[in-house]
Amino acid sequence: MQVAMIMGSDSDWPRLEAGWELLREFGIDVSVRVLSAHRTPAACADFVQAAEAAGAQVFIAAAGLAAHLPGVVAAHTRRPVIGVPLAAGPLQGQDALYSVVQMPPGVPVAAVGIDNARNAALLAVEILALANSNIDAALVQYRRLQTEKVLKKDEQLQAKLGVE
Ligand code: RP5
8 MQVAMIMGSD SDWPRLEAGW ELLREFGIDV SVRVLSAHRT PAACADFVQA AEAAGAQVFI
68 AAAGLAAHLP GVVAAHTRRP VIGVPLAAGP LQGQDALYSV VQMPPGVPVA AVGIDNARNA
128 ALLAVEILAL ANSNIDAALV QYRRLQTEKV LKKDEQLQAK LGVE
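Position one of the sequence shown corresponds to residue 8 (the numbering used here), numbered consecutively onward.
Put into structure tokens, the structure is as follows:
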């Protein structure tokens, strides 16, 4: 296992699936679990410790509402934790965003934007790439394709607008 992805509820999965797919596209060995900071605290702690022992290099933890999960995961591992605040409930992710980004000093969580599981996955890939040249080469290719796509769209817009 290279990355452990944890979500607070199965209702979170639709917002996380794109991140999981991206990790799979990079060939990353990822384990995905539903574990809650509040509803399954012991199982959550046990999994994080077991995942670190099994070689997980990065954790992605996603939750909505009060969103303590990323901080709780970080409390049980020294590996980097990327928190994904999810849009849920009346505040639509603003509560989760503040919970994830405002960790007290000493136990950091790297926060991405609300529902931005793809960026969490990419950040995890970048961390793995520090020690894995194959993953780094895949990242180079990913960035190249992304650049080409944007330049192509610009070209199409210029053509549509009749710009010489
Ligand atoms: C959080 O509460 C979960 O991460 C989810 O975003 C939210 C609602 O969970 P469910 O009531 O849908 O299980 O812990």
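Ideal Cβ positions, reconstructed from N, Cα and C, are used throughout, including at glycine.
Within the chosen definition, does the segment 66-84 reach the segment 10-19 through at least 3 CB pairs nearer than 8 Å? yes
Pick from Ala145, Leu130, Ala73, Asp143 that is closest to Met110, judged by C-alpha positions: As a position in the sequence shown, residue 110 is number 103, starting the count at 1. Checked all of Ala145, Leu130, Ala73, Asp143; the closest Cα to Met110 is Ala73.
What does Pro112 pair with, by DSSP beta-bridge criteria? Along the sequence shown, read from residue 1 onward, the residue named residue 112 stands at position 105. Paired residue(s): none; Pro112 is not in a bridge.
In the DSSP assignment, the alpha helix (DSSP H) including Arg86 goes from what residue to what residue? In the sequence shown, the residue the question calls residue 86 occupies position 79. No alpha helix (DSSP H) holds Arg86; DSSP gives it neither H nor E.
Cutting at 6 Å between CB atoms, please list the residues of its own chain near Val55, excluding the five before and the five after it. Within the sequence shown, numbered from 1, the residue matching residue 55 stands at position 48. Closer than 6 Å at the Cβ level, and outside the excluded window around Val55, lie Val80, His83, Thr84.
Three or more beta-carbon pairs under 8 Å between the segment 59-73 and the segment 86-98, yes or no? yes
What are the start and end residues of the alpha helix (DSSP H) that includes Phe54? Numbered from 1 along the sequence shown, position 47 holds the residue referred to as residue 54. Its alpha helix (DSSP H) spans residues 48-60.
Specify whether the segment 105-119 and the segment 32-46 touch according to this definition: at least 3 beta carbon pairs, one from each stretch, less than 8 Å apart. no
Report yes if the C-beta of Gly34 is less than 7 Å from at least one heavy atom of the ligand RP5; otherwise report no. As a first step, residue 34 is located in the sequence shown; it is residue number 27 there, counting from the start. Not under cutoff, so the answer is no.
Could you check whether the Cβ of Met8 sits closer than 7 Å to any heavy atom belonging to the ligand RP5? Residue numbering aside, residue 8 sits at position 1 when the sequence shown is read from its first letter. No.
Please classify Leu93: does DSSP put it in a helix, a strand, or coil? In the sequence shown, the residue the question calls residue 93 occupies position 86. Strand at Leu93.
On the three-state DSSP scale, how would you describe Gly71? Reading the sequence shown from its first residue, position 64 is the one you call residue 71. Three-state DSSP puts Gly71 in a strand.
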